[in-house]
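All the letters of the sequence shown, read from the start, carry residue numbers 1 to 189 under the working numbering.
C-beta: ideal position from N, C-alpha, C; glycine also.
One structure is given below, encoded as structure tokens.
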Amino acid sequence: MKRFYRMTGGRKRRRAGDAPEPTGRACDWPGCTEEGVFKAPRSRNQLREYWWYCMEHIRQYNRTWNYYSGMSDEEVEADVRKDTVWDRPSWAFGSPPKSFSFKSERFRDDFGLFGDDEAHVPNRPETPEARALLTLDLDPPVTVATLKARYKQLVKRYHPDANGGDKAAEEKFKEINEAYQTVLNTFKI
């Protein structure tokens, strides 16, 4: 027993065949005088509030307990679905949730992937250099090394040969070249 006591970190654990610990409570079953040592939830809505029963009455309670009693088939199905996603909202794979908006002030759509409407892009830069940095997805301060590294990444991604002649990729490639030249010219001054 000493070895088991040490292995559990000083806590004595109950095993399946052990007698339950005495609680000092009376069984909550009407008319029962036995000690209540087994806890059972009061209802589906009160899962953390318990009845305390003796062995005979906990067995009877467990035989009749039905979490879904009083619920319609639709309510049971909804509860099971809610449990499969851990009570978190979900939506169909590949589609945004209904409450999500791309027109948020915190969302940047620098490449115009979610629409061509420029009115929704907050804080649109005024200078050509700022627009070029936005096109290259760079934040100041920029060094020549970081500019060249980012340019190489974008050229590999949007080059017409790499995209099978896609017109949108070709237009994006032209924008990237213009932006690169604009930012590079600021270093040559």
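Limits of the unbroken beta strand (DSSP E) element including residue i
i, result
"Lys39", "Phe38 to Pro41"
"Tyr53", "Tyr50 to Tyr53"
Which listed residue (the options) has its alpha carbon closest to that of residue i
i, options, result
"Met200", "Thr127, Arg48, Arg42 and Cys32", "The structure shown does not extend to residue 200, since the chain is modelled only from 1 to 189, so the question has no answer here."
"Val142", "Phe187, Lys152 and Tyr50", "Phe187"
"Phe38", "Ser72, Glu74, Lys167 and Ile58", "Ile58"
"Asn177", "Arg150, Arg44 and Gln46", "Arg150"
"Leu47", "Leu113, Trp65, Glu175 and Glu21", "Trp65"
CB contact flag (residue i, residue j, <8 angstroms)
i, j, result
"Arg84", "Ala132", "In the sequence on display, residue 84 carries Thr and not Arg. No, Cβ-Cβ distance for Thr84 and Ala132 is not below 8 angstroms."
"Tyr53", "Pro41", "no"
"Ala169", "Tyr158", "yes"
Where residue i falls, given that 16 or more other Cβ within 10 Å makes a residue buried
i, result
"Gly165", "exposed"
"Thr135", "buried"
"Tyr67", "exposed"
"Gly24", "exposed"
"Arg81", "exposed"
"Phe173", "buried"
"Ala78", "exposed"
"Phe100", "Interpretation of Phe100 is limited by its pLDDT of 49, a score under 50 that renders its predicted location unreliable; no figure is taken from the coordinates."
Terminal residues of the alpha helix (DSSP H) in which residue i lies
i, result
"Tyr158", "Val144 to Tyr158"
"Tyr180", "Lys167 to Phe187"
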